[in-house]
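In terms of my numbering, the sequence shown has 83 at position 82, counting the first letter as 1, and numbering is strictly consecutive.
Glycine included, every Cβ here is placed at the ideal spot set by N, Cα and C.
Just so we're clear, the structure is a prediction, and the values are computed from it rather than from any experiment.
Below is one structure, written out as structure tokens, with a few remarks after it.
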Amino acid sequence: MSRPSPLVLGLSAAVLLLAAAVVVLVIQRGQGGGGLKGLLDQALSSDGKTVLFTVGDRPMHREQFEEEYELLLKFSDVPEEMAAQYRANIQQKQMLLDGLQKQYLLILDARDRNSFTNQLFKNYMRKTLRDAAFQYVLMTSLGREITVTDEEVANFYNQNKAQFQGGFSSETEIKLRAYLKQARLQEILEKRLVEIKAKFPVKINDTVDLYGIKQGR
């Protein structure tokens with residue numbers, strides 16, 4: 002329960018979350034054709050009317066940024082009743098914009114030097130897309146109906162007061178709400194996986210020994 006508030010996310014953490022949000026947008030829109038180059042083009046693409054900045058020939062539009070920022074809030078488990086406060090956080094948005102400019106600069110430079118053609122990057126992209134797709138399903142499907150009431154937050158706090166030396170605050174409430182939602186999501190996930198395995202059976206090759214770690218259960 003040491004998860005930081007989205008308002009005080011460090012630059013690297015916030016930019017990483019926004020980067021994940023970009024990947025989710027690519028998956029959500031069903032775009033990214035043309036193999037690896039298509040994915041890179043989509044990562045540096047932007048839709049909208051009002052340009053916030055341009056790096057080389059690649060613009061970032063306000064409409065695109067706001068859409069990605071909304072995904073950042075969703076990834077951070079921000080309660081809807083407090084979303085307006087975070088949307089008005091100019092300092093956080095400016096920090097993310099600065100981080101995006103750095104991303105564009107480094108990616109464009111690396112692309113021109115053909116740094117994205119090696120197998121290591123292809124494997125990294127595969128894992129990133131898989132992780133993003135998994136998170137997208139959790140947030141938009143399994144976790145969509147999960148709500149945590151004020152009473153549940155208060156009860157959990159009262160039962161675990163010793164862990165909160167600073168007392169109850171808005172930041173504590175955010176952390177508790179996110180923690181309880183995550184716990185409930187885990188329960189739903191385990192039940193859903195049982196159902197899915199009936200549709201897509203998991204077959205494990207027990208003859209393979211991964212560095213002394215047996216796969217069979």
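Check, Outcome
"Stretch pair the region 147-156 + the region 174-183: three plus CB contacts closer than 8 Å", "yes"
"Three or more C-beta pairs below 8 Å linking the region 51-69 and the region 98-109", "yes"
"First through last residue of the beta strand (DSSP E) which encompasses R59", "R59 to H62"
"Beta-carbon proximity check, D48 vs E67, cutoff 9 Å", "no"
"Residue nearest to Y87 in terms of C-alpha spacing, selected from G100, R127, Q104 and S171", "S171"
"Same chain, Cβ closer than 7 Å to Q166, five either side skipped, listed in chain order", "none"
"Ranges of the alpha helix (DSSP H) found wholly within the region 102-170, counting only runs of at least 4", "120-138 and 151-160"
"Alpha-carbon spacing of Q104 relative to E69, whole angstroms", "15 Å"
"Chain D contact for L107 (CB, 9 Å cutoff)", "No chain D appears in this structure, which consists of one protein chain only."
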